[in-house]
Amino acid sequence: MIMSAESVRPEPVEGPSFSSAGSEGKKQPFDRPGANGLRGKLTANAPLAPLVWFKSGGAAEWLFEPKDLADLQGFLADLDPEVPVMALGLGSNMIVRDGGVPGVVVRLGKAFAKVTAVDPVTLDCGGGASGILVSSTARDSGVAGLEFLRSIPGTVGGFVRMNGGAYGGEVKDILVDCDVVLRSGELKTLPVADLGYTYRHSALPEGAIVVAARFRGRPGEAADIQAEMDRIGASREASQPLRSKTGGSTFKNPDGHRAWELVDKAGCRGFALGGAQVSEKHTNFLINTGNATSTDIEALGEEVRRRVRESQGVELEWEIQRVGKP
Ligand SMILES: Cc1cc2nc3c(=O)[nH]c(=O)nc-3n(C[C@H](O)[C@H](O)[C@H](O)COP(=O)(O)OP(=O)(O)OC[C@H]3O[C@@H](n4cnc5c(N)ncnc54)[C@H](O)[C@@H]3O)c2cc1C
Numbered sequence: 009m010i011m012s013a014e015s016v017r018p019e020p021v022e023g024p025s026f027s028s029a030g031s032e033g034k035k036q037p038f039d040r041p042g043a044n045g046l047r048g049k050l051t052a053n054a055p056l057a058p059l060v061w062f063k064s065g066g067a068a069e070w071l072f073e074p075k076d077l078a079d080l081q082g083f084l085a086d087l088d089p090e091v092p093v094m095a096l097g098l099g100s101n102m103i104v105r106d107g108g109v110p111g112v113v114v115r116l117g118k119a120f121a122k123v124t125a126v127d128p129v130t131l132d133c134g135g136g137a138s139g140i141l142v143s144s145t146a147r148d149s150g151v152a153g154l155e156f157l158r159s160i161p162g163t164v165g166g167f168v169r170m171n172g173g174a175y176g177g178e179v180k181d182i183l184v185d186c187d188v189v190l191r192s193g194e195l196k197t198l199p200v201a202d203l204g205y206t207y208r209h210s211a212l213p214e215g216a217i218v219v220a221a222r223f224r225g226r227p228g229e230a231a232d233i234q235a236e237m238d239r240i241g242a243s244r245e246a247s248q249p250l251r252s253k254t255g256g257s258t259f260k261n262p263d264g265h266r267a268w269e270l271v272d273k274a275g276c277r278g279f280a281l282g283g284a285q286v287s288e289k290h291t292n293f294l295i296n297t298g299n300a301t302s303t304d305i306e307a308l309g310e311e312v313r314r315r316v317r318e319s320q321g322v323e324l325e326w327e328i329q330r331v332g333k334p
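Residue numbers (this note's numbering): 9 to 334.
Right, here's the structure in full:
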């Protein structure tokens with residue numbers, strides 16, 4: 009019998025009962041199982057495909073959805089330091105490989121999704137808040153300069169990690185500082201200068217989870233801000249496959265080049281491999297046309313890189329994060 013991912017999704021293991029649960033024969037990820045009295049949701053062998061834009065890939069060995077900040081800190085402090093930890097936002101820039109992700113994947117929920125104005129030009133944003141919520145709160149608070157976040161389908165944590173940018177704006181230009189929970193469980197505030205930002209890259213410490221960020225804009229009129237958001241939204245709609253299973257820009261723009269042009273010139277527009285295809289609409293987007301595996305998607309990306317290298321001598325670098333085991 010073929011079972012869908014949904015039908016085999018295990019029940020979440022909550023709180024201290026975790027110590028006696030866990031999957032058969034699996035090493036518990038705690039030094040002291042259950043000792044910290046978890047209040048969030050911990051799920052063993054949790055399918056990640058439903059949680060990422062590509063809708064492909066394997067399961068997380070453990071998926072942890074903390075109840076609040078203290079819960080996340082306690083969890084990480086008690087976690088065996090050998091266990092790898094990775095944050096997941098909306099999975100809009102990620103290929104989860106088919107063999108799944110070892111260790112713990114942390115996904116921030118409602119407690120981390122608030123956005124509030126703290127002064128006339130600054131917003132305090134939870135790490136799990138969406139770009140749409142940040143930009144609409146900025147509009148309602150008369151803060152201009154954050155409109156570009158409206159068009160990036162991710163969370164604040166993902167924006168901070170990836171230095172997300174569009175339409176002339178970039179996170180490094182609006183970020184004041186961010187709060188991160190380090191792999192040890194320690195809460196730390198990192199100013200923008202400590203994040204080593206370059207194009208679509210930050211030096212965020214390995215395993216650190218961004219739980220909040222302060223974004224600063226400039227005073228603006230709500231109507232003008234809304235008009236700019238509408239302009240950006242319409243431009244996106246016209247140029248990108250927003251309703252497809254995709255992962256955003258596949259490759260970084262190499263110095264002096266635009267990735268989509270290189271891919272197009274290599275003759276890859278519409279090129280397909282298994283269930284994966286280079287978008288006809290925007291050649292720097294790969295799409296899952298239905299039943300692509302992550303192996304199909306990654307192999308297609310590698311083939312595109314090869315063709316661009318051979319035809320134009322330029323090495324494309326992946327922008328999409330590829331995580332887990334093949
Ligand atoms: C249709 C479409 C259009 C896009 N357009 C743009 C664009 O114009 N500009 C642009 O920059 N990007 C774009 N993207 C890519 C993507 O939206 C951004 O990279 C976004 O920042 C990813 O956010 P996320 O929360 O979904 O992160 P994910 O995809 O879930 O993760 C991306 C990386 O961020 C890390 N991460 C996520 N949350 C946290 C956290 N709380 N703490 C620490 N690390 C974290 C992950 O571990 C991973 O390394 C687009 C994607 C799509 C699907």
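Think of the CB as a built atom: it goes at the ideal place given N, C-alpha and C, for glycine as much as any other residue.
Looking at ligand 1, does it come within less than 7 Å of Pro110, judged from the CB to the closest heavy atom? By one-based count along the sequence shown, residue 110 stands at place 102. Every heavy atom of ligand 1 is 7 Å or more from the Cβ of Pro110, so no.
What residue from Gly82, Leu250, Glu214 has the CA that sits closest to Glu194's CA? Counting from one through the sequence shown, the residue named residue 194 turns up at place 186. Measuring from the Cα of Glu194, the nearest candidate turns out to be Gly82.
Can you check whether the CB of Pro74 is closer than 8 Å to the CB of Gly48? Walking along the sequence shown from the start, residue 48 turns up at place 40. Walking along the sequence shown from the start, residue 74 turns up at place 66. The criterion of a C-beta distance shorter than 8 Å is satisfied by Gly48 and Pro74.
Counting Cβ pairs, one atom from each stretch, are 3 or more of them under 8 Å apart for the segment 265-276 and the segment 285-296? As far as the Cβ criterion goes, the segment 265-276 touches the segment 285-296, which means the pair count is three or higher.
Note down, one range per segment and in chain order, each beta strand (DSSP E) of at least 3 residues found wholly within the segment 172-198. If we require 3 residues or more, the beta strand (DSSP E) runs fully inside the segment 172-198 come out as 183-189.
Separation of Arg169 from Gly42, as counted between CA atoms: In the sequence shown, counting from the first residue as 1, residue 42 sits at position 34. In the sequence shown, counting from the first residue as 1, residue 169 sits at position 161. For Gly42, the predicted structure reports a pLDDT of 44, less than 50, and the residue's modelled location is therefore unreliable. A value from the coordinates is still provided. The alpha-carbon atoms of Gly42 and Arg169 are separated by roughly 30 Å.
Minimum C-alpha distance to Ala174 - residue among Lys122, Arg222, Asn261: Start at 1 with the first residue of the sequence shown, and residue 174 comes out as number 166. Comparing alpha-carbon positions, the option among Lys122, Arg222, Asn261 lying closest to Ala174 turns out to be Asn261.
Taking only the alpha-carbon atoms, compute the straight-line gap between Phe259 and Glu311 and give it to the nearest angstrom. Within the sequence shown, the letter at position 251 stands for residue 259. Within the sequence shown, the letter at position 303 stands for residue 311. For Phe259 and Glu311, the distance between alpha carbons rounds to 13 Å.
Is the Cβ-Cβ distance between Leu84 and Val219 less than 8 Å? As a first step, residue 84 must be located in the sequence shown, where it is residue number 76. As a first step, residue 219 must be located in the sequence shown, where it is residue number 211. At the C-beta level, Leu84 and Val219 stay beyond 8 Å of one another.
Report the option in Leu96, Gly204, Asp79 whose CA atom is closest to the CA atom of Ala68. Numbered from 1 along the sequence shown, position 60 holds the residue referred to as residue 68. Checking every option, the nearest Cα to that of Ala68 belongs to Leu96.
Rounded separation between Pro128 and Ala201 - CA only: Taking the sequence shown and counting its residues from 1, the one referred to as residue 128 is at position 120. Taking the sequence shown and counting its residues from 1, the one referred to as residue 201 is at position 193. When rounded, the distance between both Cα atoms is 23 Å.
Sort out for me which residues DSSP pairs Asp132 with in a bridge. The sequence position of residue 132 within the sequence shown is 124, counting from 1. Thr124, Arg222, per the DSSP bridge assignment.
For the alpha helix (DSSP H) holding Trp268, just list the boundary residues, first then last. Position 260 of the sequence shown holds residue 268. Unbroken alpha helix (DSSP H) run through Trp268: 267-273.
Check for me: the beta strand (DSSP E) holding Thr51 runs from which residue to which? Here residue 51 refers to the residue found at position 43 of the sequence shown. Per DSSP, Thr51 belongs to the beta strand (DSSP E) from 49-55.
So what's Thr291 in DSSP terms, helix, strand or just coil? Reading the sequence shown from its first residue, position 283 is the one you call residue 291. It is coil, neither helix nor strand.
Between Met94 and ligand 1, is the CB less than 7 Å from at least one heavy atom? In the sequence shown, counting from the first residue as 1, residue 94 sits at position 86. Residue side-chain check: Met94 places its Cβ nearer than 7 Å to a non-hydrogen atom of ligand 1.
At a threshold of 7 Å, does Val218 count as lining ligand 1 (C-beta to nearest heavy atom)? One-based indexing of the sequence shown puts residue 218 at position 210. Set against 7 Å, the gap from the CB of Val218 to the closest heavy atom of ligand 1 is smaller.
In angstroms with no decimal places, state the Cα-to-Cα distance between Gln285 and Leu98. If you number the sequence shown from 1, residue 285 lands on position 277. If you number the sequence shown from 1, residue 98 lands on position 90. Roughly 21 Å separates the two Cα atoms.
If I measure Cβ to Cβ from Lys253 and keep anything under 7 Å in the same chain, skipping five residues before and after, which residues do I get? By 1-based counting over the sequence shown, the position of residue 253 is 245. Cβ neighbours of Lys253 beyond the five flanking positions: Trp61, Phe62, Lys63, Ile295, Asn296.
Which of the three DSSP states, helix, strand or coil, is assigned to Lys253? Looking up residue 253 in the sequence shown gives position 245. Strand.
Does at least one heavy atom of ligand 1 sit under 7 Å from the Cβ of Met102? To locate residue 102, count along the sequence shown from 1; it is residue 94. When distances are taken from the beta-carbon of Met102 to the heavy atoms of ligand 1, the shortest one is below 7 Å.
Using the three-state DSSP reduction, which class does Ala284 fall into: helix, strand or coil? Taking the sequence shown and counting its residues from 1, the one referred to as residue 284 is at position 276. If DSSP states are grouped into helix, strand and coil, Ala284 belongs with the strands.
Simplified DSSP assignment, three categories, for Arg330: Residue 330 sits at position 322 when you count from the first residue of the sequence shown. DSSP, read as helix, strand or coil, puts Arg330 in strand.
Can you grab the Cα-Cα spacing for the pair Glu229 / Ser144, in whole Å? Position 221 of the sequence shown, counting from 1, holds the residue named residue 229. Position 136 of the sequence shown, counting from 1, holds the residue named residue 144. C-alpha separation (whole angstroms): 13 Å.
Considering only heavy atoms of ligand 1, does any lie closer than 7 Å to the CB of Ile160? Indexing the sequence shown from 1 puts residue 160 at position 152. It does: the Cβ of Ile160 is within 7 Å (strictly closer) of some heavy atom of ligand 1.
Limits of the unbroken alpha helix (DSSP H) element including Leu308: Position 300 of the sequence shown, counted from the first residue, corresponds to residue 308. Here the alpha helix (DSSP H) through Leu308 covers 302-320.
Let's test the definition: count the other Cβ atoms within 10 Å of the Cβ of Ser25 and tell me whether it reaches 16, buried, or not, exposed. Stepping through the sequence shown from its first residue, residue 25 is reached at position 17. In this predicted model, Ser25 has a pLDDT of only 33, less than 50, meaning its place in the structure is not dependable; the value taken from the coordinates is given anyway. It is exposed - the Cβ of Ser25 has fewer than 16 other Cβ atoms within 10 Å.
Please find out if some non-hydrogen atom of ligand 1 comes closer than 7 Å to the beta-carbon of Trp61. Residue 61 sits at position 53 when you count from the first residue of the sequence shown. Trp61 Cβ: within cutoff of ligand 1.
My output table needs one value for Ser247: the three-state DSSP class, helix, strand or coil. Taking the sequence shown and counting its residues from 1, one reaches residue 247 at position 239. In the structure shown, Ser247 falls within a helical segment according to DSSP collapsed to helix, strand and coil.
Between Met237 and ligand 1, is the CB less than 7 Å from at least one heavy atom? Here residue 237 is taken as the residue at index 229 of the sequence shown, counted from 1. Not one heavy atom of ligand 1 lies closer than 7 Å to the C-beta of Met237.
Does the separation of the CB atoms of Trp281 and Asp304 fall below 8 Å? Stepping through the sequence shown from its first residue, residue 281 is reached at position 273. Stepping through the sequence shown from its first residue, residue 304 is reached at position 296. In the sequence under discussion, the amino acid at residue 281 is Leu, which differs from the Trp named in the question. Cβ atoms of Leu281 and Asp304: closer than 8 Å.
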